[in-house]
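Working notes, beginning with the structure itself.
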Amino acid sequence: MSGQIVSGSDAIWKDPRAIALLLAATLTIMANATISPALPGIEAEFAGSPNAALLTRFLVPAPSLSVLICAPVAGWLADRYGRRWMLLLGVVLFAASGAAGLVLPDLPSIMISRLLLGVAVAMIMTAQTALIGDYFIGDARRNMMGLQTSARNFGGLLFITSAGWLALISPRLPFAIYGAAIILVPLVWRHVTEPAPLSQNKYAAGSEGGAGHARWRILLSGLALLQMITSLIFFMMPTQLPFFLASQGGDHSAKTGVMLGILTLSGGMMGFFYLRINRVLREAGSYALGYALMAGGFLLLTIDGDLWQSLAMGAIGAGLATVMPNFIALALALSPANRRGIVSGALMASVFLGQVLSPAVSIPGIAELGFLGTFRAAAVLLASLAIGAAMWALIPRLNMILIQPFRGLRRSR
8 MSGQIVSGSD AIWKDPRAIA LLLAATLTIM ANATISPALP GIEAEFAGSP NAALLTRFLV
68 PAPSLSVLIC APVAGWLADR YGRRWMLLLG VVLFAASGAA GLVLPDLPSI MISRLLLGVA
128 VAMIMTAQTA LIGDYFIGDA RRNMMGLQTS ARNFGGLLFI TSAGWLALIS PRLPFAIYGA
188 AIILVPLVWR HVTEPAPLSQ NKYAAGSEGG AGHARWRILL SGLALLQMIT SLIFFMMPTQ
248 LPFFLASQGG DHSAKTGVML GILTLSGGMM GFFYLRINRV LREAGSYALG YALMAGGFLL
308 LTIDGDLWQS LAMGAIGAGL ATVMPNFIAL ALALSPANRR GIVSGALMAS VFLGQVLSPA
368 VSIPGIAELG FLGTFRAAAV LLASLAIGAA MWALIPRLNM ILIQPFRGLR RSR
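According to the numbering used here, the stretch in the sequence shown is residues 8 to 420, in order.
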């Protein structure tokens with residue numbers, strides 16, 4: 008299929024390009040956390056090395072640092088030299104650098120391979136998102152955004168679970184999971200083609216994001232800032248939830264696994280419904296619903312009891328899966344077609360910046376307010392965002408100012 012498809016989930020599942028891009032999306036979530044179950048074993052293996060405990064703990068977040076630095080550069084290169092080759096090279100580098108931990112002799116070299124893995128993730132994420140914008144428009148694009156969220160969540164759950172079993176055999180074996188990415192190379196090579204230049208693409212004229220919005224840079228900056236704040240708040244779950252549950256006593260390790268599993272599953276399931284939600288509520292309503300769910304989830308965390316905390320995880324995961332596809336869908340609709348790479352890179356960088364800043368913000372907050380006070384503060388902030396989004400949708404003047412630019416885009420679908 009050389010042209011863009013306009014709408015319909017059935018068309019997506021019949022399009023091999025869509026399958027290739029969704030499979031590529033599963034790689035990004037596995038980059039950091041796949042080796043988490045193996046960390047104690049890795050630390051024990053290199054116990055005699057200098058700074059073994061510190062280096063081992065940095066193996067998980069190391070790729071995020073590379074993504075934060077390299078994503079905008081990768082996006083610029085994808086716009087300038089092509090997205091297909093960026094995706095192909097990214098997948099190859101992902102498989103090679105990720106699996107290198109199987110054989111590398113020491114922690115410093117493994118750390119370098121993890122940083123290279125982050126470079127690969129930056130290449131994959133920017134190219135993959137830009138290609139979705141190139142290939143799909145209208146409902147098909149929004150459906151891809153939701154399915155991408157589902158793919159990342161379910162892929163992450165599968166890979167981390169597999170890594171846990173492999174880590175029981177050897178702490179090095181989870182690195183082999185990264186090598187499986189190499190099977191994507193033939194699929195991408197065969198089905199993912201370089202999009203035609205804008206001037207030659209008959210589907211680009213008048214389509215979402217063809218020429219772009221006149222103020223796309225300002226609007227993109229606002230989206231990136233909001234996405235960073237969203238990522239910062241959400242990342243309290245994987246970073247602070249284990250300590251919160253430990254403070255309550257009991258078998259917190261098993262409970263943490265269950266809670267994070269609920270978080271991931273709810274996000275994966277909600278991704279399937281993103282298109283339907285967006286059709287009814289549009290962008291502003293989707294933000295209002297998503298942030299309201301997240302606010303309710305953080306508030307439920309303050310209530311003692313496994314049932315309430317399980318419901319909290321489900322609400323937070325579903326809320327995030329409702330708002331996150333919105334950022335990419337809006338950014339692709341607003342930006343010029345020949346800038347989708349750098350736009351994707353900027354959005355990816357904002358996500359990882361939020362992840363990096365999250366501990367720096369949440370740890371002092373917990374020290375000052377405690378876990379419950381910090382969760383309540385997060386709920387208040389998220390509720391404020393939900394109210395703001397609802398006003399965006401409901402107040403006529405705000406509707407005219409903020410929604411009007413998208414109406415012309417919608418008529419072209």
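Backbone N, C-alpha and C fix where the C-beta goes; we use that ideal spot for every residue, glycine too.
8 Å contact criterion, which F182 and L109 should meet: CB distance rounded: Sure, about 5 Å apart at Cβ, within 8 Å.
Taking Cβ positions, are L29 and L154 nearer each other than 8 Å? Yes, the pair counts as a contact, with Cβ atoms nearer than the cut-off.
Would you check if the distance between the CB atom of A384 and the CB atom of G292 is smaller than 8 Å? Against a cut-off of 8 Å, the Cβ pair of G292 and A384 comes out as no contact.
Does the beta-carbon distance from A134 to A85 come in below 8 Å? Taking 8 Å as the Cβ cut-off, A134 and A85 qualify as a contacting pair.
Could you give the distance in angstroms between the alpha-carbon of R224 and the alpha-carbon of I49? Roughly 44 Å between the two C-alpha positions.
Distance between beta carbons of L138 and A59, contact taken as under 8 Å: At roughly 41 Å, the Cβ-Cβ gap does not stay under 8 Å, so A59 and L138 are not in contact.
Would you kindly report the start and end of the unbroken alpha helix (DSSP H) that includes S238? For S238, the enclosing alpha helix (DSSP H) starts and ends at W223 to F241.
Under 8 Å between C-beta atoms of Y281 and M130: Contact flag unset, no.
I'd like to know whether the C-beta atoms of L46 and V363 end up nearer to each other than 8 Å. Contact flag unset, no.
Contact between the stretch 264-273 and the stretch 350-358 (3+ Cβ pairs under 8 Å): Result no; under three Cβ-Cβ pairs closer than 8 Å.
Here's the rule: buried if 16 or more other CB atoms are within 10 angstroms of the residue's CB, otherwise exposed. What is Y185? The residue is buried, with at least 16 neighbouring Cβ atoms inside 10 Å.
First through last residue of the alpha helix (DSSP H) which encompasses D141: L114 to Y142 is the span of the alpha helix (DSSP H), which, as asked, contains D141.
Considering only the beta carbon of each residue, do L300 and T329 sit closer than 8 Å? A contact, by the Cβ cut-off of 8 Å.
Could you give the distance in angstroms between the alpha-carbon of A397 and the alpha-carbon of L100? Near 43 Å, if we compare the C-alpha coordinates of L100 and A397.
A31, enclosing alpha helix (DSSP H) - first and last residue: Unbroken alpha helix (DSSP H) run through A31: P23 to A40.
Can you list, in chain order, the residues of its chain whose CB lies under 7 Å from that of T33, leaving out five sequence neighbours each side? Hits under 7 Å: A158, R159 and G162.
Looking at L360 and H220, is the spacing between their C-beta atoms short of 8 Å? Against a cut-off of 8 Å, the Cβ pair of L360 and H220 comes out as no contact.
To the nearest angstrom, how far is the alpha carbon of M355 from that of S120? Cα to Cα, the separation comes out at about 21 Å.
Reference R197; option with closest CA among F241, L173 and L95: Ranking F241, L173 and L95 by Cα distance to R197 puts L95 first.
So is R283 buried or exposed if we call it buried at 16+ other beta carbons inside 10 Å? Exposed is the call here.
Hey, how far is the Cα of L392 from the Cα of A386? Their Cα atoms are separated by approximately 10 Å.
Among I42, G326, D311 and L389, which has the Cα closest to the Cα of L175? Looking at the Cα atoms, I42 is the closest of the given residues.
Under DSSP, the alpha helix (DSSP H) around S342 begins and ends at which residues? Element bounds for S342: n/a, residue is neither H nor E.
Kindly list the residues whose CB is nearer than 6 Å to the CB of I240, restricted to its own chain and excluding five residues on each side of it in sequence; keep chain order. Cβ within range, chain order: A385.
Note down the Cα distance separating A211 from G324, rounded to an integer number of angstroms. Any reading at A211 is ruled out, since the residue's pLDDT is 42, under 50, leaving its predicted position unreliable.
Reducing DSSP to helix, strand and coil, say where A54 ends up. Three-state DSSP puts A54 in coil, outside helix and strand.
Reference P23; option with closest CA among M276, V265, M277 and L194: Selected option, being the one with the closest Cα: L194.
What's the call for Q207, buried or exposed, on a 16-neighbour Cβ count within 10 Å? Low local confidence applies: a pLDDT of 42 at Q207 is under 50, so the model's placement there is unreliable, with the coordinate-based value given in what follows. A residue is called buried when at least 16 other Cβ atoms come within 10 angstroms of its Cβ; Q207 does not meet this threshold and is exposed.
Let's test the definition: count the other Cβ atoms within 10 Å of the Cβ of M244 and tell me whether it reaches 16, buried, or not, exposed. By the neighbour-count rule (16 or more Cβ atoms within 10 Å), M244 is buried.
Would you tell me roughly how many angstroms separate the C-alpha atoms of I36 and L66, rounded to the nearest one? Here the alpha carbon of I36 sits roughly 15 Å from the alpha carbon of L66.
For D141 and P202, which I take to be in contact (beta-carbon distance under 8 Å), what is that distance rounded to the nearest angstrom? For a cut-off of 8 Å, the C-beta gap from D141 to P202 is around 4 Å, short enough to register as a contact.
Could you check if G312 is buried or exposed, using at least 16 other CB atoms within 10 Å of its CB as the buried criterion? With fewer than 16 other Cβ atoms from the protein chains shown falling within 10 Å of its own Cβ, G312 counts as exposed.
Three-state class that DSSP yields for L318 in the structure shown: Correct three-state label for L318: helix.
Who are the near neighbours of W20 in its chain, counting only those whose CB is closer than 7 Å to its CB and skipping five residues on each side? None.
Who are the Cβ neighbours of P79 in its own chain at under 6 Å, not counting the five residues just before and after it? So the qualifying residues of the chain are G352, A353 and A356.
In the structure shown, what three-state DSSP assignment does F65 receive? The three-state reading of DSSP puts F65 in helix, counting H, G and I together.
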